[in-house]
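Residue numbers (the numbering used here): 50 to 349.
Accompanying notes for the structure given below.
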Amino acid sequence: EMCGWPRPILTDSGGFQAYSLIRQNATYGRLTNNGITFQPDGAGRKFQLTPEKCIQLQMSYGADILMCLDDCTHVDDAPDIQHESVRRTIAWAVRCRQEYDRLVKEKKLGESERPLLFGVIQGGGSETLRSECAEALLAIGFDGFGYGGWPLDADGELLTDMLAYTRQLVPMDYPMHALGVGHPVSIATCAAMGYGIFDSALPTRDARRGRLYTFTSANVQPVAQRSDWFRFLYITDDKYIKAREPIDEHCDCLTCRNYSRGYLNHLYRANDATFMRLATIHNLRFMARLMEIIDQVHRP
């Protein structure tokens, strides 16, 4: 209600944030069987995130979909790290489920009132570990599942084969979330596999840096593993200094309905914060339009 968003809200567990902080700089904290302890640079105190605390926090936010705490890895991590990640992810999933059930009972939430709970499938690049993790999480029982772990290889390419394999481990009537997938082509590719939920900072980060998204035609058809249906528009280029047309003439966002490429170029060069707001509005609307099209294509 506070933010005026009358639609479902999904909250993440914090596992990926811990991965980003701790695995890249061990001085920021550590992962143990009990949970995650981290102290970001400059923080005055340590933060402790256990599976139970993770669920408590997400429930307190009033989220509609909660994610279990998981031990995130990169596909290139050593086998022993992947094994430990799967073992810990399953153990944490059990604890998350138990705390979730306790809170649902305590709050007397009915079937139509309770938030959904998703488990996260880890296993790196190992089909065996992915299968082991998925089987265990299905046995615990969740409303949906997420593809866990960094979804790109060392070259920044989407791990298409492993994403497809992991989706096949879960019955198609369960919703699946491709965690961290946000490039338009990657989303179209994963949607064709059966994923229906995505999250990424990429569209908003690109917007702030002047990389805007546009479709190549009014009646575009997103195609998996092809990029000819959309293009990047680098608004900072000199050729847009006096351009009068909008970012995308087919877009109905506030930015495209009211402002020209030339004006956005000016705002960027003037280091005006308004640019970041207007650019972000456009890229978010592009992503919403993309999902609307994908939903029409893949709707049963």
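The C-beta atom is built at its ideal place from N, Cα and C for all residues, glycine as well.
Item to complete: Compute the distance between the beta-carbons of arginine 275 and methionine 242, then report whether it is under 8 Å.
Response: no
Discussion item. Using only the alpha-carbon positions, how far apart do threonine 177 and histidine 132 sit?
Written reply: 10 Å
Worksheet item: Taking the C-alpha atoms as reference points, what is the distance between aspartate 344 and leucine 261?
Response: 22 Å
Discussion item. On the CB-based measure, 16 or more other CB atoms within 10 Å of its CB, does valine 169 come out buried or exposed?
Written reply: buried
Item to complete: In the DSSP assignment, find the beta strand (DSSP E) that holds glutamate 246 and state where it starts and stops.
Response: In the sequence on display, residue 246 carries isoleucine and not glutamate. It spans 246 to 248 - the beta strand (DSSP E) in which isoleucine 246 sits, taken as one unbroken run.
Item to complete: Inspect the beta-carbon positions of leucine 212 and tyrosine 196 and report whether they are closer than 8 Å.
Response: yes
Worksheet entry | Where the beta strand (DSSP E) through threonine 215 begins and ends | Threonine 215 -> not in any beta strand (DSSP E); alpha helix (DSSP H) instead, spanning 209 to 217.
Worksheet entry | From Cys117, Asp126 and Ala75, residue whose alpha carbon lies closest to that of glycine 63 | Cys117
Worksheet item: Can the beta-carbon of glycine 78 be found less than 8 Å from the beta-carbon of phenylalanine 65?
Response: no
Item to complete: Can you have a look at cysteine 52 and say buried or exposed, based on whether 16 or more other CB atoms are within 10 angstroms of its CB?
Response: exposed
Practice prompt. Classify tyrosine 289 as helix, strand or coil using the three-state DSSP reduction.
Written response: helix
Worksheet item: Which residue from Leu80, Met108 and Asp113 puts its Cα closest to that of leucine 98?
Response: Leu80
Fill in: Segment limits, beta strand (DSSP E) that includes glycine 84
84 to 87
Worksheet item: To which residues does DSSP link isoleucine 114 through a beta bridge?
Response: Leu59 and Leu165
Item to complete: Keeping to the same chain, check which residues put their C-beta closer than 6 Å to that of arginine 163; ignore five residues upstream and five downstream.
Response: Val153
Practice prompt. Please go through the same chain and pick out, in chain order, the residues whose beta-carbon is closer than 7 Å to the beta-carbon of valine 143, but skip the five residues on each side of it.
Written response: Ile189
Worksheet item: Under three-state DSSP, which class holds valine 273?
Response: Residue identity check: residue 273 is alanine in the sequence provided, not valine. Reduced to three states, the DSSP call for alanine 273 is coil.
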